[in-house]
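Numbering (our numbering), first residue to last: 33 to 329.
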């Protein structure tokens, strides 16, 4: 499994490559001897993150994507198909898939109508909502408590957009700043550079658990958003999407997805053997009764 990092500078060569790739479906590329390219995140614990001990990307979404890679191997007959890992950020993850520089984005990306204009999504592997991470000593309990204070959220995310919209429409007077990644958002709260960090609550629990002093932080407030998280696929690649959708539905209906879920949410995870203790929510359990790529957002 090859790992590389995708830089910010796209360049003419990358754009030309994207144009060439777009003329070829994912399955055609693999059948011709190409790699399956998986985009992963750096700090989306426990979905997709770098294990500091192994130096490799790991996580719940990564495990699911590796199962999908096996199905691609079988479908194409390419038993030696290579899997290439590309690190992306919250800001460039969709563009990487849209420009066909990655075949799957395996992280914690919300499926919504705006994003479906550019990319496709498969069956959600998690449903969550955005809440606030604050210092344990903080009196902040909801978004409205941040009037006159500073809120940070990660660049290119739906919680950031939701906060900006709420701030404008309700004249809250919140100063909203962007963090380059989730880890930086937590750090800003710890250092007092921001009063709260708005992000999907499952990510907040995972991020806080991995900090030097988890007890110094807490997750508070009601859901600001509802976030169905799903693996991202290139748009208009019908055969590849059907293959991925069928396998995701099979994993859910056969209940094979549950041990994978438990591995990352209810058992010790790397690098520090932290246990998140997050059972499957009633929202996700109900959605998985009839697994579909269709979400009402």
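Virtual Cβ for every residue (Gly too), placed ideally from N, Cα, C. These figures come from a predicted structure and were not determined experimentally.
In the DSSP annotation of this structure, the continuous segment of the alpha helix (DSSP H) that includes residue 234 starts and ends at 233-241. Judged by DSSP secondary structure, residue 265 falls within the beta strand (DSSP E) whose first and last residues are 264-266.
Scanning the region 55-80 for uninterrupted alpha helix (DSSP H) segments of 4 residues or longer gives 58-63, listed from N- to C-terminal end. Under the three-state reduction of DSSP, residue 208 is assigned to strand. Counting C-beta pairs with one atom in each stretch, the region 100-109 and the region 270-290 have three or more that are closer than 8 Å, which means they touch. Taken in chain order, the complete alpha helix (DSSP H) segments of 4 or more residues contained in the region 167-208 are 190-201. Within the same chain, Cβ atoms closer than 6 Å to the Cβ of residue 139 are found at 73, 76, 79, 80, 93, the five residues on either side in sequence being excluded. Secondary structure of residue 137 (DSSP, three-state): strand.
From the listed residues 71, 154, 83, 148, the smallest Cα separation to residue 273 is found for 154.
Segment contact: the region 154-167 against the region 316-329, three or more CB-CB distances shorter than 8 Å; contact assigned. Residue ranges of uninterrupted alpha helix (DSSP H) with 4 or more members, entirely inside the region 92-125 and ordered along the chain, are 92-108. Proximity to residue 167 across 57, 237, 251, 310 peaks at 251, based on C-alpha coordinates. Under the three-state reduction of DSSP, residue 315 is assigned to helix. Just measuring C-alpha positions, the residue of 60, 256, 216 sitting nearest residue 233 is 256. Rounded to the nearest angstrom, the Cβ distance from residue 126 to residue 150 is 6 Å, consistent with a contact under 8 Å. Per the C-alpha coordinates, the member of 174, 177, 216 positioned closest to residue 185 is 216. Fewer than three Cβ pairs drawn from the region 302-318 and the region 185-196 lie within less than 8 Å of each other, which leaves the two stretches out of contact. Between residue 121 and residue 62 a beta carbon distance of about 26 Å is seen, past the 8 Å cut, so the two are scored as non-contacting.
Runs of the alpha helix (DSSP H) lying entirely within the region 277-312 and spanning at least 4 residues, in chain order: 289-297. Look at the beta carbons and you see the region 202-222 touching the region 236-255: at least three pairs across the two are nearer than 8 Å. Rounded to the nearest whole angstrom, the C-alpha separation of residue 143 and residue 174 is 25 Å.
In this structure, the beta-carbon distance from residue 136 to residue 271 does not fall below 7 Å.
In the three-state reduction of the DSSP assignment, residue 272 falls in the helix class. Around the beta carbon of residue 260, 16 or more other beta carbons sit within 10 angstroms, so the residue counts as buried.
Look at residue 218 here: in three-state DSSP terms it is helix.
In the structure shown, residue 156 falls within a coil segment according to DSSP collapsed to helix, strand and coil. Annotation for residue 260: the continuous beta strand (DSSP E) segment containing it runs 259-261. Contact between residue 118 and residue 71 holds: their C-beta atoms lie close to 5 Å from each other, under 8 Å.
The alpha-carbon separation between residue 115 and residue 178 amounts to approximately 44 Å. Rounded to whole angstroms, the gap between the alpha carbons of residue 90 and residue 306 is 14 Å. It is roughly 35 Å from the alpha-carbon of residue 308 to the alpha-carbon of residue 201.
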